[in-house]
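When you number the sequence shown by our numbering, it's gap-free, plus one each residue, and the end is 109.
A virtual CB, placed ideally from N, CA and C, is assigned to each residue, including glycine.
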Amino acid sequence: MDCIFCKIVEGTVPSTKVYEDDNFIVIKDINPQAPVHLLVIPKRHYSTLMDCDERDILGGLIDVAKRVSTEKRLHERGFRLVINTNEEGGQTVFHLHMHILAGRALSGKMG
Ligand code: 5GP
Ligand code: ZN
-1 MDCIFCKIVE
9 GTVPSTKVYE
19 DDNFIVIKDI
29 NPQAPVHLLV
39 IPKRHYSTLM
49 DCDERDILGG
59 LIDVAKRVST
69 EKRLHERGFR
79 LVINTNEEGG
89 QTVFHLHMHI
99 LAGRALSGKM
109 G
């Protein structure tokens, strides 16, 4: 499958990994929108949030985000989690992922 995040998971496309377990990797976004911009990516391919009904993966996205945010002490100043879904939701890579944004005062606007 021609999916950039599957290739990153396989290791055929390089990335800066900050966390890995059996089900997830966390990498630095290539085009950061904040001083800290990480992506929590399930190793299994789900095109969008709507294609994943597995509670362990859906819960794991937040568990992993909390773990990495705690390790990096992002929670002390604050952070934002985002899952863009389909075109008008701003999704550009169709492999489920959650953004972690931190390191500056984020806009109050959601879109
Ligand atoms: P989306 O717009 O789908 O919610 O988010 C996709 C994110 O993936 C974007 O923030 C984009 O910068 C990032 N991205 C796209 N291609 C690559 C890549 O090859 N490597 C990394 N590290 N991030 C990527
Ligand atoms: Zn994929």
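Specify which residues have a beta carbon nearer than 7 Å to any heavy atom of the ligand ZN, listing them in chain order.
Going by the Cβ distance cut-off, the answer is Met(-1), Cys1, Phe3, Cys4, His43 and His93.
heavy atom of the ligand 5GP below 7 Å from Leu99 C-beta:
In terms of side-chain proximity, the C-beta atom of Leu99 is found no nearer than 7 Å to any non-hydrogen atom of the ligand 5GP.
Relative to the ligand 5GP, is the shortest distance from any of its heavy atoms to the C-beta of Asp27 smaller than 7 Å?
Yes, since a heavy atom of the ligand 5GP falls inside the 7 Å radius drawn around the Cβ of Asp27.
So the candidates are Lys26, Val7 and Phe3; which of them puts its Cα closest to the Cα of Thr14?
Lys26
Please report the distance separating the alpha-carbon of Gly106 from that of Leu59.
23 Å
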